[in-house]
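Visitor:
Residue numbers (the numbering used here): 1 to 324.
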């Protein structure tokens, strides 16, 4: 009972920080034009620092087992996300033209910003290191198979001025590689080398990483508050199909996965990280990337808000089940 109360208290803290961001946006302290800069600061500096600092919090006695299972579950994460999205499409009888978008919203999730904030708040710093393994592996699939799924419906006939020839979008391989090879991924790989090789890291460097990484969670949750403040909530909240999709993809699928894997996976920490990562809402980049590949950006933009709002109820429910 104490663990459940602690978990709910941790989630309440994240909600309060999100409300701070919402209020800051409403009074003008946070504005849409500075969002890219804050996101860049988090993604390229403070988040990598959080990952690096988390290495020192992994217990060597149990760390190897947890990391091994994180590698296994990390390889499965994307495909479970994709299957959950396909199931949601089946349940919703999604129109053919929107199916690829729902699959995309299922796999491009906010595991980095909200995910790390939730992990650190509930499981402690060691879980961030494991979370970085999940993200490193799943990103490879997201920006290859995931983008292919997104493009599956975006290749459409366009009548050109020369006889109505059919034009196909070319695959931006360089862009995919750039998306996969980012700073958090590189730092995640470095962190794994440090852990497995037992490389000592100077204490001042680890303290600096811990200090800089300490602002990741509050900044990330304030950005969530900014996104909610900028959204047209009235229109978003009336999207019934998105709410059902969110229920199936972000609550029922993680819950089913946890119940099926709990008797099989011996590492409670690795399984907990997997479940949290699977429950994270659609990421803010889902809409702009969809637009890049010729898809409607409005649906994933609305899906991001709905799933993010729902996550503040979904995560506590999952944590209560996991603590029982």
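Each residue gets a CB set at the ideal place from its N, CA and C atoms; glycine is no exception.
1) Does DSSP put residue 282 in a helix, a strand or coil?
2) How would you label residue 165, buried or exposed, when you count the other beta carbons within 10 angstroms and need 16 or more for buried?
3) Locate the alpha helix (DSSP H) running through residue 102, then write down its first and last residues.
4) Please report the straight-line C-alpha distance between residue 117 and residue 217, rounded to a whole angstrom.
5) Rounded C-beta distance between residue 270 and residue 73? I'm assuming under 8 Å.
6) Starting from residue 258, trace the alpha helix (DSSP H) in both directions and tell me its first and last residue.
7) Just to confirm my understanding: we take residue 306, look at its own chain, exclude 5 residues before and 5 after, and list those with CB closer than 7 Å. What are they?
8) For residue 96, count neighbouring C-beta atoms within 10 Å of its own C-beta (all shown protein chains included) and say buried if the count is 16 or more, exposed if not.
9) Kindly indicate which residue of 207, 208 and 115 has the alpha-carbon position closest to the one of residue 284.
10) Residue 249 and residue 39 - do their beta-carbons sit closer together than 7 Å?
11) Report yes if the C-beta distance between residue 210 and residue 53 is below 7 Å; otherwise report no.
12) May I ask you to report which of helix, strand or coil DSSP gives residue 51?
13) For the alpha helix (DSSP H) containing residue 57, name the first residue and the last one.
14) Would you call residue 79 buried or exposed, if buried means 16 or more other Cβ atoms sit within 10 Å of its Cβ?
15) According to the neighbour-count rule (16 or more other Cβ atoms, all chains shown, within 10 Å of its Cβ), is residue 253 buried or exposed?
16) Can you look up residue 199 in the DSSP assignment and give me helix, strand or coil?
17) For the alpha helix (DSSP H) that contains residue 297, what are its first and last residues?
18) Report all residues from its chain with a CB closer than 6 Å to the CB of residue 311; omit the five preceding and five following residues, and keep chain order.
19) Expressed to the nearest angstrom, what Euclidean distance is found between the alpha-carbon atoms of residue 87 and residue 8?
20) Buried or exposed: which applies to residue 300, given that a residue is buried once 16 or more other Cβ atoms fall within 10 Å of its Cβ?
21) Could you have a look at residue 140 and say whether DSSP puts it in helix, strand or coil?
22) Taking 7 Å as the cut-off, decide whether the C-beta atoms of residue 229 and residue 22 are in contact.
23) Figure out for me which residue from 100, 121 and 102 has the closest Cα to the Cα of residue 11.
24) Just the C-alpha distance for residue 317 and residue 221, rounded to the nearest angstrom, thanks.
25) Around the Cβ of residue 99, are there at least 16 other Cβ atoms within 10 angstroms (buried) or fewer (exposed)?
26) Got a sec? Which residues, its chain only, sit under 6 Å from residue 287 by beta carbon, not counting five neighbours each side?
27) Kindly indicate the opening and closing residues of the alpha helix (DSSP H) around residue 227.
28) Measuring alpha carbon to alpha carbon, tell me which residue in 140, 145 and 132 is nearest residue 189.
29) With distance defined between alpha-carbon atoms, name the residue in 45, 293 and 14 nearest to residue 182.
Guide: The relevant details are as follows:
1) Residue 282 falls in the strand class under three-state DSSP.
2) With a pLDDT of 46 at residue 165, under the threshold of 50, the modelled position of that residue is not reliable, and no figure is offered here.
3) Taken as a continuous stretch (DSSP letters only), the alpha helix (DSSP H) holding residue 102 covers 96 to 107.
4) Those two C-alpha atoms are separated by around 5 Å.
5) Indeed they touch by this definition, with Cβ atoms about 6 Å apart.
6) Where residue 258 is concerned, the enclosing alpha helix (DSSP H) starts and stops at 253 to 261.
7) Closer than 7 Å at Cβ, skipping near neighbours: 236, 239, 242, 243 and 246.
8) Exposed is the call here.
9) Answer by Cα proximity: 115.
10) Not in contact: residue 39 and residue 249 (Cβ atoms no closer than 7 Å).
11) In this structure, residue 210 lies near residue 53, with their beta-carbon atoms less than 7 Å apart.
12) Reduced to three states, the DSSP call for residue 51 is helix.
13) It is not in any alpha helix (DSSP H) - residue 57 carries neither H nor E in the DSSP assignment.
14) It counts as exposed.
15) Taking all protein chains shown into account, residue 253 has 16 or more neighbouring C-beta atoms within 10 Å of its C-beta and is therefore buried.
16) Secondary structure of residue 199 (DSSP, three-state): coil.
17) That residue, residue 297, is in no alpha helix (DSSP H); it is neither H nor E in DSSP.
18) Here the set comprises 281.
19) The alpha-carbon separation between residue 87 and residue 8 amounts to approximately 29 Å.
20) Its Cβ being crowded by 16 or more others within 10 Å, residue 300 is buried.
21) Three-state result, residue 140: helix.
22) Taking 7 Å as the cut-off, the beta carbon of residue 229 is found closer than this to the beta carbon of residue 22.
23) The option with the nearest alpha carbon to residue 11 is 121.
24) CA-CA distance, residue 317 to residue 221, rounds to 19 Å.
25) The residue in question, residue 99, is buried, as its Cβ has 16 or more Cβ neighbours within 10 Å.
26) Closer than 6 Å at Cβ, skipping near neighbours: 297, 300 and 301.
27) Unbroken alpha helix (DSSP H) run through residue 227: 216 to 230.
28) It is 132 whose Cα lies nearest to the Cα of residue 189.
29) Nearest C-alpha to residue 182: 45.
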